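S.K.: Counting with full-length UniProt numbering, you get residues 1 to 322 for the letters of the sequence shown. One structure is given below, represented as structure tokens, and several questions about it will come after.
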Amino acid sequence: MSHSESLTLPAAPPSPAFNPARLLPALLTALILLLCVTPFLLVIAIAFGQKIEGAGWEWAFTFANFQRFFVGAGWPEDVTYLYLQRLWYSLYYAVIASLLAVLTAFPFTLCLTRLSRRAQSRWLVFILASLSLSEVFVVMGWDVLFSNRSGLPMVFRETGLTDWLKANGLFDLLREWGLASPRNVKFKTSAFATVMCMAYLVWPYAVILLYPALSRLDQSQIEAARTMGATPRQVLTTVILPAVRLPLTGAVLLLFVFLLGTYVAVTVFAEPAKQTTAISVYESVRGSTLNAPFGAAQAVILLVTAATFLGLGQLLMLRGRP
1 MSHSESLTLP AAPPSPAFNP ARLLPALLTA LILLLCVTPF LLVIAIAFGQ
51 KIEGAGWEWA FTFANFQRFF VGAGWPEDVT YLYLQRLWYS LYYAVIASLL
101 AVLTAFPFTL CLTRLSRRAQ SRWLVFILAS LSLSEVFVVM GWDVLFSNRS
151 GLPMVFRETG LTDWLKANGL FDLLREWGLA SPRNVKFKTS AFATVMCMAY
201 LVWPYAVILL YPALSRLDQS QIEAARTMGA TPRQVLTTVI LPAVRLPLTG
251 AVLLLFVFLL GTYVAVTVFA EPAKQTTAIS VYESVRGSTL NAPFGAAQAV
301 ILLVTAATFL GLGQLLMLRG RP
């Protein structure tokens, strides 16, 4: 046997079998890009387009839509801040409604965590079930509640509360706030009704967001503070609130961003002069003007505003973290 014959070549490693599961991450990434990123990029691109009178719009690269939002279409001869005012009301409603929802959900959730496990489960199931109600259904219920003929104004009138308010000088104060007509109290249309309905829409989300943090509170620290003579208010301010400060801030920010795009509640309860950017976007895209580039520009500005507030909130949370 020759020397070359005594040497045997190693067997080639078998080729790995094709595994379709390896393509799953790539397919999911492509699906996310198609369904999420692509529409977002299209909205940004359309925002720089221009409207053709009587013929829709065309692709372009102009800042006229953003200029119209901030200073009006007639700038520099004429300046108007109509759309900035609508952005202000978007922030106004969202801030107050998100704070109101969290402030009312916090004590409820704190009491909820002190119940038995069975009672907690029942309450959580009930709250989760309430999320199945659409915004249209909820707003319809509040519309009936604030109706002048079948809601709270009728109750005020029939029970004599309206006459009592007039006799004590409180009725004129309600008229100054826009909550009363010359004859009776009214809640439609008003900022009060708008904020109340918006806060109700996100209240279940506030409870769900706060429940994990409050359920993990160290009860031994609370008992120790009580043993040392701390009042319930001192326990709340020195033990409970510092422990859940970050979840509280995060809940407010999340609900705030969610409420920036509220449409039905604002349409039904807000005054025509106090509409929001979300209403203006719909009017531009689907209304009588059919100005998709201007609607897209407003949507981009609303998105940038939400991202700015989220960034500032995240910065404050990082600075306040021990």
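Beta carbons are placed, not taken as given, at the ideal position from N, Cα and C, and that holds for glycine. As the structure is a computational prediction, the values presented were derived from the model and not from experiment.
Bridge partners of residue 329, per DSSP?
M.R.: No statement about residue 329 is possible, as the shown extent of the chain runs from 1 to 322 and does not include it.
S.K.: Exposed or buried, VAL69, counting other C-beta atoms within 10 Å across all chains shown (16 or more means buried)?
M.R.: Correcting the residue identity first, residue 69 is Phe in this sequence and not Val. Buried: at least 16 other Cβ atoms inside 10 Å.
S.K.: Helix, strand or coil, according to DSSP, for ALA180 in the structure here?
M.R.: strand
S.K.: Would you kindly work out how many angstroms separate the C-alpha atoms of SER147 and ASP218, rounded to a whole number?
M.R.: 46 Å
S.K.: Is the stretch 127-147 in contact with the stretch 181-188, if contact means three or more CB pairs nearer than 8 Å?
M.R.: yes
S.K.: From the DSSP output, read off the bridge partner residues of VAL185.
M.R.: ALA180
S.K.: How is the alpha helix (DSSP H) around PRO272 delimited, first residue to last?
M.R.: Run containing PRO272: none; DSSP gives neither H nor E here.
S.K.: Mark TYR93 as exposed unless 16 or more other C-beta atoms lie within 10 angstroms of its C-beta, in which case mark it buried.
M.R.: buried
S.K.: Within the continuous alpha helix (DSSP H) that includes GLY250, where are the two ends?
M.R.: 245-259
S.K.: Any chance the stretch 255-263 sits against the stretch 299-318, with 3 or more Cβ pairs inside 8 Å?
M.R.: Yes: at least three Cβ pairs fall under 8 Å.
S.K.: Indicate the three-state DSSP secondary structure (helix, strand or coil) for TYR263 in the structure shown.
M.R.: In the structure shown, the three-state DSSP call for TYR263 is coil.
S.K.: To which residues of the same chain is ALA193 closer than 6 Å at the C-beta, ignoring the five residues directly before and after it?
M.R.: PHE146, PHE187 and PHE269
S.K.: For the alpha helix (DSSP H) containing ARG22, list its first residue and its last residue.
M.R.: It is not in any alpha helix (DSSP H) - ARG22 carries neither H nor E in the DSSP assignment.
S.K.: Taking only runs that begin and end inside the stretch 210-250, name each unbroken beta strand (DSSP E) of 3 or more residues, in chain order.
M.R.: none
S.K.: What first and last residue would you give for the alpha helix (DSSP H) that runs through PHE137?
M.R.: 135-145
S.K.: Is it buried or exposed, GLN298, if we count other Cβ atoms within 10 angstroms and call 16 or more buried?
M.R.: buried
S.K.: Near ALA60, which residues of its chain fall below 7 Å by C-beta distance, leaving aside the five closest residues on each side in sequence?
M.R.: PHE48, GLY49 and GLN50
S.K.: Report, in whole angstroms, the separation of the C-beta atoms of SER90 and VAL252, which I expect to be a contact under 8 Å.
M.R.: At roughly 16 Å, the Cβ-Cβ gap does not stay under 8 Å, so SER90 and VAL252 are not in contact.
S.K.: Just the C-alpha distance for GLY67 and MET198, rounded to the nearest angstrom, thanks.
M.R.: Residue identity differs from the one stated: residue 67 is Gln in this sequence, not Gly. Rounded to the nearest angstrom, the two C-alpha atoms are 30 Å apart.
S.K.: Starting from the C-beta of ASP78, find all residues in its chain whose C-beta is less than 8 Å away, skip the five residues before and the five after it, and write them out in chain order.
M.R.: GLY72
S.K.: Do you know how far the Cα of GLY229 is from the Cα of LEU82?
M.R.: The straight-line gap from Cα to Cα measures roughly 56 Å.
S.K.: Go ahead and label ILE52 buried or exposed: buried means 16 or more other beta carbons lie within 10 angstroms of its beta carbon, across all protein chains shown.
M.R.: exposed
S.K.: Please report the residue range of the alpha helix (DSSP H) in which ASN291 lies.
M.R.: It is not in any alpha helix (DSSP H) - ASN291 carries neither H nor E in the DSSP assignment.
S.K.: Is DSSP giving ASN65 helix, strand or coil here?
M.R.: helix
S.K.: Return yes when the Cβ of TYR200 is within less than 9 Å of the Cβ of ALA101, no when it is not.
M.R.: yes
S.K.: For ALA292, count neighbouring Cβ atoms within 10 angstroms of its own Cβ and tell me buried if that reaches 16, exposed if not.
M.R.: buried
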